[in-house]
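No gaps in the numbering here: position 180 of the sequence shown is 179 in numbering that gives the first Met the number 0, and each next residue is one more. We put the beta carbon where it would ideally sit given N, CA and C, even for glycine. Note that the structure is a prediction, hence the values are computed from the model and not measured. Scroll down for the structure; my scribbles are underneath it.
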Amino acid sequence: MGLIRRYAGGVIADGPWFDDIIEIHDKTIGGIIDLVWQLRKLKPDLALILPNSFRSVLIARLGGAKKVYGYRRNSRTALLSGGPEPWRNNNRITPRPMVEYYLEICRWLNFGTPTQLKPHLFCSDTTMEQGARLIESYGIAPDDMVIGMNPGARFGSSKCWPPEHFARLAEMIAQQWDCKIMLLVGPGEQDLGRQIVELSRTKIINTGPHHVNLELLKPLIQRCRLLVTNDTGPRHYGVAFDIPLVVIMGPTDPRYTNANLEKTIVLRRDLVCSPCHHKECALHHGCMAEILPQEAMQATEQLLREHS
């Protein structure tokens, strides 16, 4: 049984690893109570907790899980049946790739763990067909080269490369290659998509009007020859589907995602204020704004040359 927040359910949809998926809304008291009652009906023998929050462990306990395992951190340790401690240096938790961080819980439990850390995603025939129809409606032919751009970030605006930079990069790509440029715009990002289209002097396919969710996003990213993206979820879709990636990284520590970089170029400015992990920048947003379209273009050229 997999528990995942409602907006992200499409990520693990169609996978073979879960008998069922519960989409949760645990940001309200009512949502937490509903989740606890759902868990009590299931009578779980064991709960494996990936988030670091106290709330996630408390919900598992209130839901009647007989054993609860996760990282032993702070005040939640007393509620756990066991689990590893995070890596520390001088008593400070050391950032490490999140995929390794999560797998360490499985190793602690002596579960069989893969040596290959690459993520896997699954897509039903229905979703693939829906994606194919949408791609065809955009005028994309089977032999067209498609460059994807992901300009949004659910985390917050601090992770977003400026719209004018995406617009300029689209112009540079269109001048260099005979290709289609597809702007992958998620729910709530329609204004951002329109802004980029209006700023650019080249034709951009904007998925914004079609309200592409995280499930439908899978076949769209699979269709891309390369993806230029902020450091956000679709980046990991690209890794799963073996798509070359230009990642624009700003406020987050790169050590958390320092894995599966064989087809990835990360562009980043190491400023005094970074990594801040703030959702919004209170300063000049230099960590993102100072990464110029020319740099992203050079990275795009390099990846297409190396992985053509």
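Among Ala169, Asp142, Ala258, Met181, nearest to Gln297 - alpha-carbon criterion: As a first step, residue 297 is located in the sequence shown; it is residue number 298 there, counting from the start. When each option's Cα is compared against that of Gln297, the closest is Ala169.
For the stretch 135 to 177, which segments carrying the beta strand (DSSP E) assignment without a break, of at least 3 residues, lie completely within its bounds, in sequence order? 145 to 149
Got a sec, what are the start and stop residues for the alpha helix (DSSP H) Arg200 sits in? Sequence index remark: in the sequence shown, residue 200 carries index 201 (1-based). Where Arg200 is concerned, there is no enclosing alpha helix (DSSP H), because DSSP gives it neither an H nor an E.
Would Leu244 be called buried (16 or more neighbouring beta carbons within 10 Å of its own) or exposed? The count along the sequence shown starts at 1 and reaches residue 244 at position 245. The residue is buried, with at least 16 neighbouring Cβ atoms inside 10 Å.
DSSP bridge partner residues for Leu215 (one or two, in chain order): Residue numbering aside, residue 215 sits at position 216 when the sequence shown is read from its first letter. According to DSSP, Leu215 bridges with nothing at all.
At what residues does the alpha helix (DSSP H) containing Tyr101 begin and finish? Along the sequence shown, read from residue 1 onward, the residue named residue 101 stands at position 102. Here the alpha helix (DSSP H) through Tyr101 covers 97 to 107.
Between the C-alpha atoms of Ile92 and Ile195, what's the straight-line distance to the nearest angstrom? To locate residue 92, count along the sequence shown from 1; it is residue 93. To locate residue 195, count along the sequence shown from 1; it is residue 196. Looking at the two C-alpha atoms, the distance is approximately 39 Å.
Burial state of Ile58, where buried means 16 or more other Cβ atoms lie within 10 Å: The residue labelled residue 58 in the question sits at position 59 within the sequence shown. Buried is the call here.
Considering only their Cβ atoms, is the gap separating Leu191 from Gly147 smaller than 8 Å? Counted from its first residue, the sequence shown places residue 147 at position 148. Counted from its first residue, the sequence shown places residue 191 at position 192. No, the pair does not count as a contact, with Cβ atoms beyond the cut-off.
Span separating the alpha-carbon of His209 from that of Pro96: Looking up residue 209 in the sequence shown gives position 210. Looking up residue 96 in the sequence shown gives position 97. Distance between the alpha carbons of His209 and Pro96 is about 33 Å.
Expected contact under 8 Å - CB spacing of Pro161 and Met287 to nearest Å: The sequence position of residue 161 within the sequence shown is 162, counting from 1. The sequence position of residue 287 within the sequence shown is 288, counting from 1. The Cβ separation is near 7 Å, so the contact holds.
Taking Cβ positions, are Pro118 and His235 nearer each other than 8 Å? Indexing the sequence shown from 1 puts residue 118 at position 119. Indexing the sequence shown from 1 puts residue 235 at position 236. Contact flag set, yes.
What span of residues does the alpha helix (DSSP H) with Ile21 cover, start to end? Sequence index remark: in the sequence shown, residue 21 carries index 22 (1-based). Ile21 -> not in any alpha helix (DSSP H); beta strand (DSSP E) instead, spanning 20 to 23.
Excluding five sequence neighbours on each side, which residues of the same chain lie with their C-beta closer than 6 Å to the C-beta of Pro43? Along the sequence shown, one-based indexing puts residue 43 at 44. These residues qualify, in order along the chain: Ala64.
Consult DSSP for Gly130 and reduce its assignment to one of helix, strand or coil. Position 131 of the sequence shown holds residue 130. Correct three-state label for Gly130: helix.
Segment contact, 8 Å Cβ cut-off, at least three pairs: the stretch 265 to 278 with the stretch 138 to 146: no
Could you tell me the alpha carbon to alpha carbon distance between Thr27 and Gln174, rounded to whole angstroms? As a first step, residue 27 is located in the sequence shown; it is residue number 28 there, counting from the start. As a first step, residue 174 is located in the sequence shown; it is residue number 175 there, counting from the start. Distance from the CA atom of Thr27 to the CA atom of Gln174, rounded to whole angstroms, is 49 Å.
Buried or exposed by the 16-neighbour rule on C-beta atoms within 10 Å, applied to Asn109: By one-based count along the sequence shown, residue 109 stands at place 110. Looking at its Cβ environment, which holds fewer than 16 other Cβ atoms inside 10 Å, Asn109 is exposed.
Use the C-beta contact count for Thr125: other C-beta atoms within 10 angstroms, 16 or more gives buried, fewer gives exposed. Position 126 of the sequence shown holds residue 125. That one is exposed.
Rounded separation between Asn89 and Arg72 - CA only: Counting from one through the sequence shown, the residue named residue 89 turns up at place 90. Counting from one through the sequence shown, the residue named residue 72 turns up at place 73. Whole-angstrom Cα-Cα distance: 16 Å.
Contact set for Cys122: own chain, Cβ-Cβ below 7 Å, skip 5 residues either direction: The sequence position of residue 122 within the sequence shown is 123, counting from 1. Excluding residues within five positions, the ones whose Cβ falls inside 7 Å are Asp13, Lys217, Pro218.
Whole-angstrom Cβ separation of Leu183 and Val211, contact assumed at under 8 Å? What you label residue 183 is simply residue 184 of the sequence shown in a count that begins at 1. What you label residue 211 is simply residue 212 of the sequence shown in a count that begins at 1. Yes, they are in contact, since the Cβ atoms of Leu183 and Val211 sit about 7 Å apart, within 8 Å.
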